[in-house]
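Reviewing the structure listed below.
The following block contains the structure:
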């Protein structure tokens, strides 16, 4: 069963209100209605969110044009039709400019059904268009926010890709890329804490509005990335912060963790390489097929072969006849 049309009618004459409702029923409209004749009652009626308003232009206690102004301020989506015994063209134009959907003379109520149907249809189209525009604006805004986030991550990746850049320079650059990626960049500050050192934006200040993510290296907490708002903002997914901002700060922390882990691995490899080169023993590293991948300087000095001559060859090269049996045995006894 179709839902009845809820109509708020501003009319000081009960009989005229009845006539208007009767005319709508003749037009096949199912209606339920509330009649008011004062400003207070009209305001209360608006709280009920009627589908349509019919307003007599001349009501001693509250004129129809005043009702139109009030409706435009508080309930702009509800269509309002002016009804009057007599209304001049100048007044009619004025009402339409103020937002009236239509006007109908009381001696021509046969027009009321058509006017009501058209007003409701126009209101529906307007409402749907506005919703579509709002959805488009939101998508455009969201896209802009995501682009800001991608720019931040791209900036960090660009820092990492620079040659001869230190970890300190990466952290200094990263902390300054954070604020512009947040929804309120003008009141955003950031800090990265790593190894007892702090890297801050120039406007940094600790506040109650904070988002934090741990920097993890080899399963251990190595530091934190922190974002603060300098002013209170409306509550969102996580305090005043968006869920996308939670994902972004976690991505930043993960990037930094990967960088630090890579740096530490390189340092360990350099130390190991140095230790192998400086070893007093002979070191040979082979692949799974037994071919030489690395020899330390001691072996090249002892055999006379260069590392280039030995890499990729089998250790049997050392028994090629150029090395005496005694020397060959001593080599294998010495190889670590």
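In full-length UniProt numbering, the protein residues as written are 1 to 336.
Glycine residues also receive a C-beta, built at the ideal position from the N, C-alpha and C atoms.
| Item | Value |
| --- | --- |
| Going by Cα to Cα distance, which pick from 102, 129 and 131 is closest to residue 117? | 102 |
| Take residue 236 as the anchor and find which of 250, 210, 108 and 296 has the nearest alpha-carbon. | 210 |
| Quick one: is residue 93 buried, meaning 16 or more other Cβ sit within 10 Å of its Cβ, or exposed? | exposed |
| What does residue 105 pair with, by DSSP beta-bridge criteria? | 84 |
| Consult DSSP for residue 98 and reduce its assignment to one of helix, strand or coil. | coil |
| Look at residue 249 and residue 227 and say whether their C-beta atoms are less than 7 Å apart. | yes |
| Determine the burial state of residue 241: buried for a count of at least 16 other Cβ atoms within 10 Å of its Cβ, exposed for fewer. | buried |
| Answer yes if the region 17-28 comes into contact with the region 36-51, meaning at least three C-beta pairs across the two stretches below 8 Å, and no otherwise. | no |
| Round the Cβ separation of residue 182 and residue 245 to the nearest angstrom and send it over; I've been treating them as touching at under 8 Å. | 6 Å |
| Would you kindly work out how many angstroms separate the C-alpha atoms of residue 150 and residue 238, rounded to a whole number? | 21 Å |
| First and last residue of the alpha helix (DSSP H) that includes residue 143? | 112-161 |
| Taking 8 Å as the cut-off, does the region 160-173 touch the region 247-262 (at least 3 CB pairs, one atom from each stretch)? | yes |
| Buried or exposed for residue 298, please, with buried defined as at least 16 other CB atoms from any protein chain shown within 10 angstroms of its CB. | buried |
| Per the DSSP calculation, residue 6 is bridged to which residue(s)? | 32 |
| Measure the C-alpha to C-alpha separation of residue 177 and residue 170 and round it to an integer number of angstroms. | 11 Å |
| What's the call for residue 229, buried or exposed, on a 16-neighbour Cβ count within 10 Å? | buried |
| For the pair the region 96-112 and the region 140-150, tell me if three or more CB-CB distances fall below 8 Å. | no |
| Going by C-alpha distance, which of 79, 214 and 17 is nearest residue 35? | 17 |
| Roughly how many angstroms lie between the CA atoms of residue 88 and residue 185, to the nearest whole one? | 55 Å |
| DSSP state of residue 13, grouped into three classes? | coil |
| Leaving out five residues before and five after residue 152 in sequence, what residues of the same chain have Cβ atoms less than 6 Å from its Cβ? | 177 and 181 |
| Could you check whether residue 47 and residue 6 sit closer than 7 Å to each other, using their CB atoms as the reference points? | no |
| Given this structure, state the Cα-to-Cα distance separating residue 59 from residue 128, to the nearest angstrom. | 33 Å |
| Could you have a look at residue 221 and say whether DSSP puts it in helix, strand or coil? | strand |
| Looking at the structure shown, is residue 172 part of a helix, part of a strand, or coil, going by DSSP? | helix |
| What three-state label does DSSP hand residue 230 in the structure shown? | coil |
| What number of angstroms, rounded off, separates the C-alpha of residue 195 from the C-alpha of residue 148? | 29 Å |
| Who are the near neighbours of residue 214 in its chain, counting only those whose CB is closer than 7 Å to its CB and skipping five residues on each side? | 221, 224 and 253 |
| By Cβ distance, which residues of its chain are closer than 6 Å to residue 294, with the 5 residues on each side in sequence left out? | 285 |
| With H, G and I counted as helix, E and B as strand and the rest as coil, what does DSSP make of residue 165? | coil |
| Helix, strand or coil: which one does DSSP assign to residue 52? | strand |
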